[in-house]
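J.: This is the structure I have questions about; it appears just below.
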Amino acid sequence: QNLLLLRKVNALYRDPVFQQLQRVIFDIVAGSKRIHTLAADAYRSFLRAYARYPSAIKTIFNVKVLHIGHVADSFGLKEKPSMIGKSTTAQEFKKRKNEHIRTLVRKKKPKK
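104 is the number that our numbering gives the last residue of the sequence shown; the numbers go up by one with no jumps.
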């Protein structure tokens, strides 16, 4: 049964329509830094969530068996982002927040 499913998935990857769609998705993600950042963050979030499934269903959703290259493809990423480090979007948000706080502090300082 697993072998039959594997053959169907492999046939899908060889389908020219699928390959063309995948190239379009790769081009869209690669063409925009913002979209690439969001895709990389979504990829990391997906893998973190996948790894934390309850133990009762880990035999079905086993992260060690998951092909992370295919997961990266599904997010339009040509290579898998590093799992080390924080979300880029969260870092950008924190940076903007700190800059905003600094500007507010500068405005409130009394002039001598």
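Each residue gets a CB set at the ideal place from its N, CA and C atoms; glycine is no exception.
Tell me which residues share the same chain as K85 and place their Cβ nearer than 6 Å to its Cβ, disregarding the 5 neighbours each side in the sequence.
T.: Position 93 of the sequence shown, counted from the first residue, corresponds to residue 85. Note that residue 85 corresponds to Phe in the displayed sequence, not to Lys. None.
J.: From G23 to V57, what does the alpha carbon distance come to, in whole angstroms?
T.: Working through the sequence shown from its first residue, we reach residue 23 at position 31. Working through the sequence shown from its first residue, we reach residue 57 at position 65. Near 31 Å, if we compare the C-alpha coordinates of V57 and G23.
J.: What's the C-alpha gap between I93 and A82?
T.: Here residue 93 refers to the residue found at position 101 when the sequence shown is read from its first residue. Here residue 82 refers to the residue found at position 90 when the sequence shown is read from its first residue. Taking the straight line from one Cα to the other gives about 17 Å.
J.: What residue range is occupied by the uninterrupted alpha helix (DSSP H) comprising I60?
T.: By one-based count along the sequence shown, residue 60 stands at place 68. From DSSP, the alpha helix (DSSP H) with I60 extends over 60 to 66.
J.: Quick one: residues in its chain with C-beta nearer than 7 Å to the C-beta of L45, no 5 flanking neighbours on either side, listed in chain order?
T.: Taking the first residue of the sequence shown as position 1, residue 45 is located at position 53. Contrary to the premise, residue 45 reads as Tyr rather than Leu in this sequence. Excluding residues within five positions, the ones whose Cβ falls inside 7 Å are F53.
J.: Using the Cα positions of T95 and K87, report the straight-line distance between them to the nearest angstrom.
T.: In the sequence shown, residue 95 corresponds to position 103, counting from 1. In the sequence shown, residue 87 corresponds to position 95, counting from 1. If you take the alpha carbons of T95 and K87, they lie about 13 Å apart.
J.: Contact defined as beta carbons within less than 8 Å: I believe A31 pairs with L69. What is the distance between those atoms, to the nearest angstrom?
T.: For the purposes of this step, residue 31 is taken as the residue at position 39 of the sequence shown. For the purposes of this step, residue 69 is taken as the residue at position 77 of the sequence shown. With 8 Å as the limit, A31 and L69 qualify as a contact, their Cβ atoms being about 6 Å apart.
J.: Could you name each continuous alpha helix (DSSP H) segment of 4 residues or more that falls completely within the region 4 to 76, going from the start of the chain to the end?
T.: DSSP runs (the alpha helix (DSSP H)) wholly in the region 4 to 76: 8 to 23, 25 to 43, 60 to 66.
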